[in-house]
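Undergrad: In case it helps, the UniProt record's numbering puts the sequence shown at residues 1 to 123.
Ideal placement from N, C-alpha and C gives every residue a C-beta, glycine not left out.
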Amino acid sequence: LIDAPARASKLAELWKQLGVLEALVRGPFAAGEALTEADFTLWPTLACFFTYMLPKFGWGNVMDDEANFPKLKAWHAAVGGLPAAQRVKEEVMGGLLEWEKKGRFHPILEQVAAHPELKWQFP
């Protein structure tokens, strides 16, 4: 378990890097008009892990954040409409739910609750 200030710092950096990614997305897919390996690489993290885990820190769904990430939101809709993406999401979400049942995220949530003085939620 990383210490609380380091975890909070990593969340701040994550917010910053989402802005960088937003600037790089060409649309409707990550690199432009065609589906590429970039989309396959980003999908499990952005559409699955982020939408599942970041709300545990008080964040909204970054893939539905039109104000801060309109390109990422459009990308999420474009990729999310693909049957293969839905299958990947089901598989990844199943794994995340299993981890949660086994308490994998419990120490992190306790750490967040124990340190309200730190900034966990962005924007």
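1. Quick check on the DSSP output: the alpha helix (DSSP H) that includes residue 110 runs from which residue to which?
2. Measure the C-alpha to C-alpha separation of residue 24 and residue 40 and round it to an integer number of angstroms.
3. Alpha carbon to alpha carbon, how far is residue 92 from residue 117?
4. Is the separation between the beta-carbon of residue 99 and that of residue 112 shorter than 9 Å?
5. Whole angstroms is fine: what's the gap from residue 70's alpha carbon to residue 7's?
6. What does the alpha-carbon distance come out to for the pair residue 53 and residue 62?
7. Can you tell me the Cα-Cα spacing of residue 12 and residue 34, whole angstroms?
8. Can you give me the C-alpha to C-alpha distance between residue 4 and residue 17, rounded to a whole angstrom?
9. Using only alpha-carbon positions, find the residue among 43, 87, 97 that is nearest to residue 75.
10. Suppose contacts are defined by Cβ-Cβ distances below 9 Å. Is residue 78 in contact with residue 28 by that definition?
11. According to DSSP, is residue 29 helix, strand or coil?
12. Could you check if residue 102 is buried or exposed, using at least 16 other CB atoms within 10 Å of its CB as the buried criterion?
TA: Walking through what the data contain:
1. Within the sequence shown, numbered from 1, the residue matching residue 110 stands at position 110. Per DSSP, residue 110 belongs to the alpha helix (DSSP H) from 106 to 114.
2. Taking the first residue of the sequence shown as 1, we reach residue 24 at position 24. Taking the first residue of the sequence shown as 1, we reach residue 40 at position 40. Cα-Cα distance, rounded: 16 Å.
3. What you label residue 92 is simply residue 92 of the sequence shown in a count that begins at 1. What you label residue 117 is simply residue 117 of the sequence shown in a count that begins at 1. Answer to the nearest angstrom: the Cα atoms are 32 Å apart.
4. On the sequence shown, position 99 is the one that residue 99 refers to. On the sequence shown, position 112 is the one that residue 112 refers to. No, the pair does not count as a contact, with Cβ atoms beyond the cut-off.
5. Locating residue 70 in the sequence shown gives position 70, where the first residue counts as 1. Locating residue 7 in the sequence shown gives position 7, where the first residue counts as 1. About 26 Å.
6. The residue given as residue 53 occupies position 53 in the sequence shown. The residue given as residue 62 occupies position 62 in the sequence shown. When rounded, the distance between both Cα atoms is 11 Å.
7. Stepping through the sequence shown from its first residue, residue 12 is reached at position 12. Stepping through the sequence shown from its first residue, residue 34 is reached at position 34. Taking the straight line from one Cα to the other gives about 31 Å.
8. Mapped onto the sequence shown, residue 4 falls at position 4. Mapped onto the sequence shown, residue 17 falls at position 17. Going from the Cα of residue 4 to the Cα of residue 17 covers about 20 Å.
9. Walking along the sequence shown from the start, residue 75 turns up at place 75. Considering only alpha carbons, the answer is 43.
10. Residue mapping note: residue 78 aligns to position 78 of the sequence shown, counting from 1. Residue mapping note: residue 28 aligns to position 28 of the sequence shown, counting from 1. Contact: yes.
11. Residue numbering aside, residue 29 sits at position 29 when the sequence shown is read from its first letter. Residue state, collapsed to three classes: strand.
12. As a working note, residue 102 is residue 102 in the sequence shown. Exposed.
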